[in-house]
Amino acid sequence: MQDHVVVQQRSGDQPAPSCDIAADEIPVNGHKPGRAVTASVYRAKIAGHSRVLTVSWSRDMLSHSFAVSVTGVDGASAECRVDLRPWQFWRRAGSRRVELAGTAPATVRVMWDLRRARFGAGLPEPRSGYYVAVEAAGEVVLVVGDMRKDALRRASPRAAPAACDAVPVARREHVFGKRRFAAKARFHDQGAVHDIAIECGGGGEGGDADMEMTIAIDGEEAVQVKHLQWKFRGNQSVTFSRAKVEVYWDVHDWLFSAGMRPALFIFRPIVLSSASAPAAAMLLDGSPLPPPATGFCLYLYAWKLD
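Quick note: UniProt numbering has the sequence shown finishing at residue 306, numbered continuously throughout.
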């Protein structure tokens, strides 16, 4: 059953959302137009210190690749990158250690098994049949994929699941199209996957027709922008049964920049469910606090192809 969409419009330019991870902090392995790329960012504790873990995937006509990077608050970072070329079957399962230097050094072991991975058409990230895991300081701090049990069995004999799960804080995707751009996303940690569709085109006949843009979620129109030449930046809020999603857009480069440059769409959910709000989120007089932000942002880069 799809969530009902309620839209609250806001006029004029609005400031970009304050997300836990900024868009330009998410590495995407040297993105270039035509190369499908995704990156998911998590916060996790490694050896008692908060770290940023980024799992990124990319795909071109010849190969897939993925990378796991670890960054500390002191700026120290380490990366494990694996290229999955069709003729290199042995790389589809394995492990690798990387050393994180800095003021709080740590040894990080990255494990993966993609021998049974199933990919969607043109998508860089597997849909099922795989895991990518990160082990450090005797704990498995992150498991991505649907084979969690296999990942835990592959870990070191004394390694155990981390006391606190890694928290997803951001995701970045690049999508391509001429008029229509599609992506999938979860708007809260345990929520269903939603279909996002962005369409942009002329609002009428003739070369001087106004541009229009619509953003639909699960097939239901959530955002409609007319006279896009004048409203190339803005935001609206979309309310679902359990979440309110702030949608921001910046399509300036579609309209006014030479060459191929992407538009940026940001989806920032705010949890509305009372069951998900902590008991402390009440004022002394018993009235609820404003809905808490989840801390998660989806950054969607839409590239227009000729």
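Note that CB positions come from ideal geometry on N, CA and C, so glycine has one too.
Relative to the C-alpha of Arg-96, which residue among Leu-84, Glu-79 and Val-143 is closest? Glu-79
Taking buried to mean at least 16 other C-beta atoms within 10 Å of its own C-beta, is Glu-139 buried or exposed? buried
Please confirm if the stretch 106-116 is in contact with the stretch 126-146, defined as three or more CB-CB distances below 8 angstroms between the two stretches. A contact exists between the stretch 106-116 and the stretch 126-146.
Using the rule of at least 16 other Cβ atoms within 10 Å of the residue's Cβ for burial, across every protein chain shown, is His-174 buried or exposed? buried
Alpha carbon to alpha carbon, how far is Val-134 from Val-141? 6 angstroms
Would you mind reading off the limits of the beta strand (DSSP E) that contains Lys-149? Looking at the DSSP string, Lys-149 is not in any beta strand (DSSP E); the run it does join, the alpha helix (DSSP H), is 148-154.
Using the C-alpha atoms, what's the distance from Ala-137 back to Ile-215? 44 angstroms
Drop a sphere of 10 angstroms on the beta-carbon of Thr-103, count the other beta-carbons inside from all chains shown, and report buried for 16 or more, exposed for fewer. exposed
CA-CA distance, Pro-105 and Asp-210? Taking the straight line from one Cα to the other gives about 56 angstroms.
Terminal residues of the continuous alpha helix (DSSP H) containing Leu-142? Where Leu-142 is concerned, there is no enclosing alpha helix (DSSP H), although the beta strand (DSSP E) it sits in stretches over 139-145.
How long is the line joining the alpha carbons of Val-68 and Met-213, rounded to whole angstroms? Distance between the alpha carbons of Val-68 and Met-213: 35 angstroms.
What runs of the beta strand (DSSP E), each 3 residues or longer, lie entirely inside the stretch 168-238? As far as the stretch 168-238 is concerned, its whole beta strand (DSSP E) runs of at least 3 residues are 180-186, 193-202, 211-217 and 220-225.
Can you have a look at residue 313 and say buried or exposed, based on whether 16 or more other CB atoms are within 10 angstroms of its CB? What is shown of the chain runs 1 to 306, which leaves residue 313 out entirely.
For my contact list, Val-251 and Phe-267 are in at a C-beta cut-off of 8 angstroms; report their separation, rounded to the angstrom. No, Val-251 and Phe-267 are not in contact; Cβ-Cβ is about 15 angstroms, not under 8 angstroms.
Excluding sequence positions up to five away, which residues of its chain have a Cβ less than 6 angstroms from the Cβ of Pro-290? Low local confidence applies: a pLDDT of 39 at Pro-290 is under 50, so the model's placement there is unreliable, and no value is given.
Contact set for Ala-76: own chain, Cβ-Cβ below 7 angstroms, skip 5 residues either direction: Leu-100, Ala-101 and Gly-102
Buried or exposed: Met-147, going by 16 or more other Cβ atoms within 10 Å of its Cβ? buried
Distance between Leu-255 and Cys-200 (C-alpha atoms, nearest Å): 11 angstroms
Lys-178: which of Thr-38, Phe-232, Arg-186 and Ala-197 sits nearest, CA to CA? Its Cα nearest to that of Lys-178, the residue Ala-197 stands out among Thr-38, Phe-232, Arg-186 and Ala-197.
Using DSSP's beta-bridge definition, name the partner residues of residue 312. A question about residue 312 goes unanswered here, because the residues of the chain that appear run from 1 up to 306.
Just to confirm the assignment, what range does the beta strand (DSSP E) spanning Asp-83 have? 77-84
By the DSSP assignment, the beta strand (DSSP E) with Leu-53 in it spans what residues? Its beta strand (DSSP E) spans residues 49-59.
Distance CB(Ser-58)-CB(Ser-50) smaller than 8 angstroms: In terms of Cβ geometry, Ser-58 and Ser-50 do not form a close pair [threshold 8 angstroms].
With a CB to CB cut of under 8 angstroms and the five nearest residues on each side skipped, what residues in its chain are close to Arg-91? Val-82, Asp-83, Leu-84 and Arg-85
Which word fits Trp-249, buried or exposed, when buried means at least 16 other C-beta atoms lie within 10 angstroms of its C-beta? buried
With a Cβ-Cβ cutoff of 8 angstroms, do Ser-56 and Thr-38 count as a contact? In contact: Ser-56 and Thr-38 (Cβ atoms closer than 8 angstroms).
Counting C-beta neighbours from all protein chains within 10 Å, is the total for Ala-170 16 or more, i.e. buried, or is it exposed? It counts as buried.
Hey, quick one: how far does the beta strand (DSSP E) through Leu-255 stretch, first residue to last? Here Leu-255 belongs to no beta strand (DSSP E); instead the alpha helix (DSSP H) covers 252-256.
Distance, Cα to Cα, Thr-54 vs Val-108? 13 angstroms
Is Arg-92 helix, strand or coil by DSSP? Residue state, collapsed to three classes: helix.
To the nearest angstrom, how far is it from the Cα of Arg-153 to the Cα of Gln-224? 49 angstroms
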